[in-house]
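There are 2 protein chains.
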Amino acid sequence: MVNSLVVLLQSIVPLSDELMQFLAEKLETKNYDSGDLLLHEGQVANNIAFIEKGMVRSYYFKDNEKITSWFMKEGDVIISVESFFTQKPSYECIEALEPLTVHQINYNDLQYAYRHYPEFNICGRVLTEKYYVMSEERLYMLRKRTSKEKYLYLLDKHPDILRRARVGDIATFLGVNLETLSRIRSGKI
Amino acid sequence: MVNSLVVLLQSIVPLSDELMQFLAEKLETKNYDSGDLLLHEGQVANNIAFIEKGMVRSYYFKDNEKITSWFMKEGDVIISVESFFTQKPSYECIEALEPLTVHQINYNDLQYAYRHYPEFNICGRVLTEKYYVMSEERLYMLRKRTSKEKYLYLLDKHPDILRRARVGDIATFLGVNLETLSRIRSGKI
DNA sequence: ATGCGATTTTGATTTTTCTCAAATTTTTCG
DNA sequence: CGAAAAATTTGAGAAAAATCAAAATCGCAT
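Chains A and B supply the protein sequences, listed in that same order. For the record, in the first sequence the residue sitting at position 60 is 60 according to our numbering, with numbers rising by one throughout. For the record, in the second sequence the residue sitting at position 174 is 1174 according to our numbering, with numbers rising by one throughout.
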């Protein structure tokens, strides 16, 4: 069901019947297994997806190491920001960390909706604003000085991530060594 | 003159004469001296401003230290993202680092423009997308491991900031000690 | 030009974090 | 269930960065 997405959009601005009809036609539901990639490095992000169930992370390569850029879960709208907005090849991958169900719409259909249903631009703007604010919050977190401060902030704001994601993936997100994070978690630091 | 702002907006989407008229009426030009605050901590960000000339930084307090969150300069649109979008009191301050000229519009007028001139939402969305991408780029920079890597990345992408801003302000932005940054700059690290 | 305050640089030492290596625990799947 | 793989924890030593203290330089106002 696409219901939870409709609820989200309607909470921003009432949608016309035609727009609802258009979205219902264009939205595609997809399922992934844990470990599957929704977006590969070098590929242009062609879809924007709403997570019905499960969790993903985006990551990029640096010196052959996978660096996590963020985690997203049910209720979130996911894209590779830069690639989708600029329609250039992505430096990021998006990986399912759990069995995953998403509803997605492609770039062209989305742009069509923006052009033909003016109120939909409000949805687009408000959602973009929301994700921008969240991006700034991650910046706030990463500028914390010590590894322990970063960990504690993440624990406070996103305890679910610490429960559901791997230590190694969280470590690269925080810019901390895997072993250091393990020591922090077990109270040795 | 508000010309450079109009050029920016028109490059995103053609604006109707009425909208241009509305903006011309509502935009207010303000000048600040170096060191002046455009936004104080605890104040709700009421204006979104386009920088005609000069540079600013946003910062917040942590343990009585001012932590720089970003630098913005001529051609940029500046706000305290979180406070303006959510209309809650800001944890950030915005400080002029040089003599500054901005053109600003207040929150209510902007919301009015979004409601009455649908095409203006496109401007809003596209600008927000652009700043979102830039925010993600800062995250990329901060996740670099060593202090030197962060410095070199900033030098590569924003050499003007390194020229125009104080070492101490750049240091808190990068999450690096002032003395460490000084040593990196002089090649001792 | 000159002196004061702010900013930046330099030095020595301590603390934090990383690295490498290995042991342990957990998860996956035939 | 049980073996293999993956993930996490632990330990010891090395490297990076922070801290504290002081000197040097810069920028501005008189």
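Heads up, the beta-carbon is just placed ideally off N, CA and C, and yes, glycines get one too. Quick caveat, the model's predicted, so the values are computed rather than measured.
Tell me, please, whether the CB atom of residue i is closer than 8 Å to any CB atom in chain A?
{"i": "E1136 of chain B", "result": "yes"}
{"i": "L1213 of chain B", "result": "Examination of residue 1213 of chain B is not possible in this model, given that chain B is present from 1001 through 1189 alone."}
{"i": "G1175 of chain B", "result": "yes"}
{"i": "Y1112 of chain B", "result": "no"}
{"i": "T1190 of chain B", "result": "The displayed coordinates of chain B run from 1001 to 1189. Any statement about residue 1190 of chain B would go beyond what the structure contains."}
{"i": "E1041 of chain B", "result": "no"}
Do you know how far the Cα of residue j is from the Cα of residue i?
{"i": "L1009 of chain B", "j": "Y60 of chain A", "result": "33 Å"}
{"i": "A1237 of chain B", "j": "S69 of chain A", "result": "What the structure shows of chain B is the stretch from 1001 to 1189, and residue 1237 of chain B is not part of that stretch, so it cannot be assessed."}
{"i": "R1143 of chain B", "j": "I12 of chain A", "result": "33 Å"}
{"i": "R1166 of chain B", "j": "G54 of chain A", "result": "45 Å"}
{"i": "S90 of chain A", "j": "V102 of chain A", "result": "20 Å"}
{"i": "I170 of chain A", "j": "Y1032 of chain B", "result": "43 Å"}
{"i": "L1110 of chain B", "j": "K1188 of chain B", "result": "49 Å"}
{"i": "C93 of chain A", "j": "S1034 of chain B", "result": "43 Å"}
{"i": "D156 of chain A", "j": "R164 of chain A", "result": "15 Å"}
{"i": "E41 of chain A", "j": "K88 of chain A", "result": "11 Å"}
{"i": "A1024 of chain B", "j": "V1007 of chain B", "result": "13 Å"}
{"i": "L178 of chain A", "j": "L15 of chain A", "result": "46 Å"}
Quick one, which of the options has its alpha-carbon nearest residue i's?
{"i": "I1184 of chain B", "options": "B:K1157, B:Y1151, B:T1172", "result": "B:Y1151"}
{"i": "E28 of chain A", "options": "A:E74, A:I105, A:E41", "result": "A:I105"}
{"i": "Q43 of chain A", "options": "A:N31, A:L23, A:E82, A:D33", "result": "A:E82"}
{"i": "K73 of chain A", "options": "A:L97, A:K62, A:E65", "result": "A:L97"}
{"i": "E52 of chain A", "options": "A:N3, A:L178, A:S135", "result": "A:N3"}
{"i": "L1181 of chain B", "options": "B:D1160, B:L1037, B:K1148, B:L1155", "result": "B:K1148"}
{"i": "M194 of chain A", "options": "A:H116, A:V176, A:F173, A:L174", "result": "Absent from the structure is residue 194 of chain A, since the part of chain A shown begins at 1 and ends at 189."}
{"i": "G75 of chain A", "options": "A:Y112, A:K130, A:L178, A:D36", "result": "A:K130"}
Does chain B have any CB closer than 8 Å to the CB of residue i?
{"i": "N121 of chain A", "result": "yes"}
{"i": "G124 of chain A", "result": "yes"}
{"i": "S69 of chain A", "result": "yes"}
{"i": "L100 of chain A", "result": "no"}
{"i": "R143 of chain A", "result": "yes"}
{"i": "E129 of chain A", "result": "yes"}
{"i": "P118 of chain A", "result": "yes"}
Return the Cβ separation of residue i and residue j in integer angstroms, given the expectation that the two are a contact with Cβ distance under 8 Å.
{"i": "D128 of chain A", "j": "R1125 of chain B", "result": "The amino acid occupying residue 128 of chain A in the given sequence is Thr; Asp does not appear at that position. Yes, they are in contact, since the Cβ atoms of T128 of chain A and R1125 of chain B sit about 6 Å apart, within 8 Å."}
{"i": "F71 of chain A", "j": "L5 of chain A", "result": "So it is not a contact: roughly 19 Å between Cβ atoms."}
{"i": "N1121 of chain B", "j": "Y1114 of chain B", "result": "5 Å"}
{"i": "I78 of chain A", "j": "V56 of chain A", "result": "6 Å"}
{"i": "S135 of chain A", "j": "L1139 of chain B", "result": "7 Å"}
{"i": "M1141 of chain B", "j": "L1154 of chain B", "result": "6 Å"}
Please list, in chain order, the residues of the stretch 1148-1169 of chain B that have any C-beta partner in chain A closer than 7 Å. none
Using Cβ-Cβ distances below 9 Å, what residues of the stretch 1011-1037 of chain B are close to chain A? none
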